[in-house]
Structure formats: C-alpha cells, structure tokens
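If you read the sequences in order, they're chains A and B.
For what it's worth, my numbering labels the leading residue of the first sequence as 20, then goes sequentially.
For what it's worth, my numbering labels the leading residue of the second sequence as 567, then goes sequentially.
Quick notes on the structure that follows.
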Amino acid sequence: MDVNVLSEKENVKSKGPGEDFILEVKNLKKYFPIKDGILQKTVGHVKAVDGLNLNIKKGETFGIVGESGCGKSTAGRTIIRLNKPTEGKILYKGEDITKASENQLRKSIRKDIQMIFQDPFASLNPRKTLGKTLMEPLEAHQLYKNKKERMDRVKELLDVVGLDPSYFTRYPHEFSGGQRQRIGIARALALNPELIIADEAVSALDVSIQSQIINLMKDLQEKFNLTYIFISHDLSVVRHISDRVAVMYLGNLMELADKDSLYSEPLHPYSKALLSAVPVPKKKGEEQRERIVLEGDIPNPANPPKGCVFHTRCPVAMDVCKEVVPTFKEEKPNHYVACHLYN
Amino acid sequence: MTLPEKDISKNQTITSPDINLEVKQKPESLWRIAFDKFMKNKLAVSGAVVLIIIIGMAIFAPLIAPHSPEEQVLTNRLAPPSAEHPLGTDELGRDTFSRLLYGARVSLTVGFVAVAGIISIGTIVGAVAGYFGGIIDSILMRVVDVIIAFPQIFLLITLIAVLEPSLGTLIVVFALFSWTGTARLVRGEFLTLRTREFVLAARTIGIRKGKIIFSHILPNAIGPIIVTATLQIGYVILAESTLSYLGLGVQPPTPSWGNMLQAAQDFSIMLYAWWYPLFPGLMILITILSFNFVGDGLRDALDPKRKN
C-alpha cells in the first residue's frame with residue numbers, strides 16, 4: 020500500500036493546549052421551524068443545537084456522545100454546512116464559513132471537510148457504479164489531468180481502504196455493509212481532506228465489522244494525519260477511538276474532557292448516568308457497580324426546560340438548577356463541565 | 567468508575583483478503599434485474615407484445631393497408647367484412663381496416679408526443695419544487711392546485727373550441743394541462759430522496775445543484791416516472807378519442823379511432839353494420855388495456871421493494 024502518493028502532509032500530531040485549532044465552533048445554534056396552518060406560519064422551533072462551543076485540535080479525534088435526539092448529528096451536519104446555522108460562528112482554520120455561499124464553500128471546506136455517514140445502504144447512490152461514485156469528487160474539483168489519472172487514483176483509494184480495485188464497475192447492491200462503509204470512507208478520502216466528521220459511522224454494522232472499520236479509520240488517521248469528529252451513541256466505541264470526548268444533552272454540551280479523565284471520573288450527573296449504563300464484565304471480588312437509572316424521557320427540544328436542561332431528570336437537582344443556566348467552565352485542567360454542583 | 571476499553575485493536579487486520587470474496591461474479595445492473603422481473607409477468611409481457619404489433623402496424627401502415635384510407639367507393643357503402651375488405655367498409659365505402667391502421671398513427675402520435683411533453687414539464691416542475699422546497703415549492707404547487715381545480719375534459723373542450731382543432735393543438739393542450747399529476751409524483755420522490763445520505767454525501771463533496779438533481783436524484787426517481795408515463799399514454803389516447811368523438815379532435819377526412827366511432831354513432835349504422843363501430847372501439851380498448859398492463863408490470867419490476 021503506497022501511501023505517499025495519497026498525501027504528502029506532515030505526520031505531526033499536535034497536542035496540548037494553546038496551539039491552533041483546525042475548527043472552532045462558537046455558540047452554534049440550529050433551530051428547525053415548526054410550521055402549522057394553511058399559511059405555514061412558524062409556531063415554534065425545535066432547538067436541535069442550542070449554543071454549542073467546540074474547539075477541535077489538528078490531528079485529534081474528538082468524540083461526541085449523547086442519546087438519540089440530543090442534536091449530535093445535527094451539530095455535525097451544521098458544522099459541515101449541510102444545514103444553515105441559525106446563529107453562532109463556525110471557523111475553519113480561522114476562516115469564517117458560517118455564512119459562506121455554496122460556491123465559496125466549494126473552494127474551501129467542500130474539499131477539506133468530509134463526512135462518513137451512518138447507513139452504508141443509504142449513503143451510496145444505488146444507480147451509480149463504485150467507480151462513478153469515487154470518480155465524482157475528483158471530477159467536481161477537476162483534480163488530475165485526465166480520466167486515466169483519475170481512475171488510477173480511485174484504484175489507489177480502493178487499495179487503501181482494503182477493497183479490490185477490480186470492483187470498479189460494480190453497483191452498491193453487490194456489496195456487504197462493511198464493504199459499503201469502506202466505499203464511503205474511500206469517497207471521504209478522495210479529496211485528501213483534513214477533517215472528517217464520522218456520524219455514527221459504525222452504528223449500523225455488526226460488531227466484528229465495527230472493529231475492522233474503526234481500525235481502518237485509525238490507520239488512515241495516522242497515515243494522512245486526519246482529524247476526526249466522531250459522533251456516536253456507543254460509549255465504548257467512542258472511548259476506543261477518541262482523544263477527547265464531549266457529552267451532549269438536548270443541544271448543549273454537558274461535559275468535555277480528555278478521554279481518560281472523562282471515563283474514569285465523570286463530573287456531570289448525566290455523564291455518570293450514561294457511563295453507568297455501559298455493561299462491564301464483572302470480575303471476581305469486584306464490587307457491583309452502581310447503576311444510575313434516569314427517570315423519564317429526554318424533554319421535547321421544542322420546549323426545553325428552563326435553567327439547566329438536565330434538571331428534569333437529574334438525580335441531584337437543586338433549586339438553582341431550575342432557574343439558572345450553569346456556565347460551562349474548567350473544573351479541573353482540561354476538564355470542562357456545565358453543572359451547579361461545581362460552582 | 568472504570569470501564570474496560572472494547573478490545574477491538576487485536577481483531578482482524580484491515581486488509582484481510584476474505585472480505586473481498588462475497589461479491590457475485592458477474593456485475594448485475596439494476597436495469598437487468600428489472601428486465602428479468604418484467605419478463606416474469608405474463609400479463610405485462612403480452613401487453614408489450616400487443617403494443618409492439620400495434621405500433622409496428624401503425625409505422626408500416628402504407629405497406630399493410632389494402633386500400634388508401636381516403637379511397638371512396640360509393641357503390642360499396644357499409645359492406646360487411648369480406649376478402650376484399652377484411653373489416654368491412656364505412657358509410658362512404660372506405661376500407662375500415664386501412665382507416666384503422668392510419669388512425670393508429672394519429673392516436674399513437676398524440677399519445678407519445680403529448681406524454682413526452684407532460685413528462686418533461688412535470689418532471690422539471692416537480693424536481694425544482696421538491697429539491698428546493700420552501701417558497702419555490704409553495705408557489706409551484708399552488709399553480710398545480712389551480713390547474714387541477716379545473717375539470718379537465720371541459721377545459722380541453724373549451725380550449726379546443728376556441729383554438730383551431732388540429733393534431734398540433736391537441737398535443738399542446740394535453741401537454742400544458744395534464745402535467746400536474748407527474749409534477750406531484752416527482753416532487754414527492756424528490757422530497758424523500760433529497761434527504762437521503764447519498765445526496766448529502768454528494769453535497770459535502772461539492773457537486774453542483776444541477777448535477778445533484780439530474781444525475782443523482784432523478785435516476786432514482788425514474789421508475790415511478792416511467793410507470794406514470796405509460797399509464798398517461800393510455801389516458802391521452804382515450805382523451806383524444808373522446809374529443810374526436812365529440813367532433814373537437816382530429817378532423818375528417820384524417821382518420822382517428824375517435825372520429826371513426828363518431829361517424830358510426832348513427833343508430834341505423836349500429837344496427838345494420840355492427841363492424842363499423844366495433845373495430846375502432848376494440849382498438850381503443852385493446853391499446854389502453856395493453857398500456858395499463860405494461861405500466862403495472864413496469865411498476866412491479868422497477869420497485870426494488872417488491873420481490874417477484
């Protein structure tokens with residue numbers, strides 16, 4: 020597998036605080052209007068993402084976890100500008116892409132930021148052969164001089180993701196789920212991106228295939244110095260791949276920390292509840308871990324609770340939680356939490 | 567609180583060769599699968615065969631027809647079927663069989679050309695409304711509602727009465743006022759397809775809107791469009807016959823199935839020369855039935871959710 024042809028980027032992993040961020044998200048909001056009546060008047064908003072702040076370092080894997088409907092997918096899609104942000108700012112390498120037009124985006128992030136989708140059966144166009152699907156990004160950006168060179172590049176890509184280059188003329192329905200996800204990854208890699216947003220990239224796959232895909236993603240990250248935003252509800256998978264992990268609830272961040280400190284000592288009651296739900300094989304002599312069961316359902320994002328959005332289900336809620344929105348602050352070094360318990 | 571990490575790292579290497587073995591030996595395109603499915607539907611295949619025969623006869627009418635469709639033999643009016651006139655003659659002594667063949671040309675031309683127009687307008691309006699949504703969608707769909715609100719056949723009659731009745735007018739009027747159903751159908755398809763992940767993927771890659779609409783979404787909506795086109799041809803042929811029967815369609819002496827029926831509606835003709843109204847009526851019936859069978863067959867064949 021010759022990887023040098025694909026990318027000559029320096030293989031430097033930047034770590035630690037203080038250096039440049041590849042992506043900065045400031046107070047990002049995405050509201051979806053609820054329309055009603057014959058005149059389709061807007062009667063309210065679903066606040067899918069409500070004031071999100073993120074700083075992604077170059078070369079890291081940033082995990083976002085949360086329940087279904089907490090807005091993590093919407094956040095990913097808004098960052099890559101598949102959705103129009105309602106408010107806030109998205110800076111890619113310092114450049115503001117919040118309000119950029121589709122033509123401007125084509126010159127910047129449409130090459131540099133790519134996405135891997137959840138459902139490998141829906142993410143490939145059933146009417147296009149594998150070759151056509153992978154040639155398209157190269158044609159759209161007019162990379163390489165002619166068709167022959169583009170085909171060579173596609174065959175290289177197939178090789179990189181572990182597929183036989185002779186599959187060029189086959190249709191998606193002829194592949195298995197794992198193979199399709201590899202095709203999805205190859206498509207995301209085609210333009211030599213810097214940042215890849217993986218939205219539940221392995222959730223639809225069998226566990227054995229999940230591990231193959233995760234390992235492939237890790238390999239590729241090392242080879243091409245990729246930055247990942249890894250969105251998932253699977254805490255174990257996120258733990259395996261991420262450097263830093265953010266916990267999201269109802270459109271807001273609850274906690275953000277390095278993987279190890281978040282998983283070993285979560286601060287926020289919600290993170291504690293989430294982590295207590297992960298099944299762990301019990302060892303002899305070890306105490307049974309306490310399982311925190313949250314009451315009720317996730318509140319309607321069209322009408323989120325006042326104060327801390329989590330107070331309706333929080334086992335340790337105080338009076339102040341019902342009134343005041345907790346600030347998101349650094350409780351320990353590199354460990355941020357939004358909770359009144361720590362004020 | 568500690569959790570063990572999922573032990574994924576020790577698993578298979580990513581380039582294990584066996585993952586490549588599951589693929590079938592021969593690439594099968596979706597069209598090939600649809601064709602095989604269609605061929606298993608006997609009703610649809612017989613409909614297709616009948617249609618091919620009718621179309622063939624219309625194309626080769628000058629070679630097949632025993633007489634000129636306009637040749638009058640007034641001494642031989644309303645003659646019953648014979649060796650000379652296999653389907654008899656009409657009230658002016660013209661050969662019914664020859665006139666049916668030339669009439670098929672008219673009916674099929676109206677059907678195919680008008681439906682080509684209907685599908686083009688309907689697809690473009692539906693695609694734009696469905697893909698862009700919002701205010702564009704609202705405006706276009708209100709236009710559709712307004713057109714649908716008019717009773718079609720009266721609209722056609724009024725328009726054709728005002729304009730000069732001719733083959734061209736018929737086609738234009740059909741195309742301009744019958745595209746609404748197609749537009750709604752295509753809009754619906756686009757509404758569901760535009761949020762599918764492969765369309766989102768195309769957008770994140772930076773493919774232009776026009777290309778996404780025509781090269782990514784439209785090919786996935788082509789099945790229902792083909793089906794509706796087939797059924798529409800039947801509808802247009804019927805509408806043409808209706809208008810011709812009312813004297814507003816194709817004008818004599820040009821034969822069409824509809825105006826042949828009109829000429830035969832005299833009660834005494836129906837009593838004494840049953841062959842004159844029977845055969846044009848049968849042709850309309852058989853043709854529309856065949857188009858419907860083919861349409862149904864295509865719907866089943868092109869719908870990936872239906873197994874044979």
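Ideal placement from N, C-alpha and C gives every residue a C-beta, glycine not left out.
- With its beta carbon less than 8 Å from one in chain A, B/H782 belongs to the interface.
- In this structure, B/G847 is the residue among B/G847, B/G613, B/F743 with its C-alpha nearest to the C-alpha of B/Q828.
- Here B/F626 is exposed: its Cβ has fewer than 16 other Cβ atoms, across all protein chains shown, within 10 Å.
- Listed in chain order, the positions of the segment 781 to 807 of chain B with a beta carbon within less than 8 Å of a beta carbon of chain A are H782, P785, N786.
- Using beta-carbon distances, B/T662 does not count as an interface residue toward chain A, since no partner is under 8 Å.
- Less than 8 Å separates the beta-carbon of B/F845 from that of B/L653.
- Just measuring C-alpha positions, the residue of B/F698, B/S634, B/S595 sitting nearest B/G776 is B/F698.
- When Cβ-Cβ separations below 8 Å define contact, A/D69 makes no contact with chain B.
- For B/G699, no Cβ of chain A is located within less than 8 Å of the residue's own Cβ.
- The beta strand (DSSP E) runs of length 3 or more contained entirely in the segment 261 to 329 of chain A are, from start to end of the chain, 263 to 268, 271 to 277.
- Taking a C-beta cut-off of 9 Å against chain A, none of the residues of the segment 713 to 725 of chain B qualify.
- Under the criterion of beta carbons closer than 8 Å, A/I216 and A/I132 qualify as touching, at roughly 7 Å.
- Rounded to whole angstroms, A/T246 and A/C333 show a C-alpha spacing of 34 Å.
- Contact annotation, A/E86 with A/R263: C-beta distance approximately 20 Å; criterion of less than 8 Å not satisfied.
- With a contact defined as Cβ atoms closer than 8 Å, A/I83 and A/A94 qualify at about 7 Å.
- If you check each beta-carbon in the segment 749 to 764 of chain B against every beta-carbon of chain A, the ones closer than 9 Å belong to R762, E763, F764.
- Closest by C-alpha distance to B/R643, out of B/M849, B/A839, B/A867, is B/A839.
- Comparing C-alpha distances from A/P145 to each of A/L71, A/P191, A/D225 shows the shortest one belongs to A/P191.
- For the segment 111 to 143 of chain A, the set of positions with a beta-carbon nearer than 8 Å to some beta-carbon of chain B reads E121, L124, R125, R129, K130, I132, Q133, M134, F136, Q137, D138, A141, S142, L143 in chain order.
- Among the residues of chain A, those whose CB is under 7 Å from the CB of B/R769 are L101, following chain order.
- Under the three-state reduction of DSSP, A/T331 is assigned to coil, being neither helix nor strand.
- Not flagged as an interface residue toward chain B: A/Y268, since no C-beta distance is shorter than 8 Å.
- For A/V257, the three-state secondary structure derived from DSSP is helix.
- Taking a Cβ-Cβ cut-off of 7 Å, B/I702 has no neighbours in chain A, whose nearest Cβ is about 13 Å from it.
- When DSSP states are grouped into helix, strand and coil, A/F347 belongs to the coil group.
- With respect to A/L224, A/Q200 sits close: the two C-beta atoms are nearer than 8 Å.
- By DSSP's assignment, A/F51 forms a beta bridge with A/V65.
- In the three-state reduction of the DSSP assignment, A/N74 falls in the strand class, which pools E and B.
- Within the same chain, and ignoring the five residues on either side of A/H252 in sequence, no residue has its Cβ closer than 6 Å to its Cβ.
- Per DSSP, A/F243 has no beta bridge partner at all.
- Residue range 214 to 218 is occupied by the beta strand (DSSP E) that includes A/A217.
- Against chain B, the beta carbon of A/R146 has neighbours under 7 Å at L596, P785, N786, listed in chain order.
- The beta carbons of A/P139 and A/G196 sit about 5 Å from each other, so the pair counts as a contact at 8 Å.
- A/L176 is not a Cβ neighbour of A/L210, given a cutoff of 8 Å.
- Short of 7 Å from the beta carbon of A/A336, and not among the five residues preceding or following it, lie these beta carbons of its own chain, in chain order: H330.
- Among the CB atoms of chain A, none fall inside 8 Å of the CB of B/G622.
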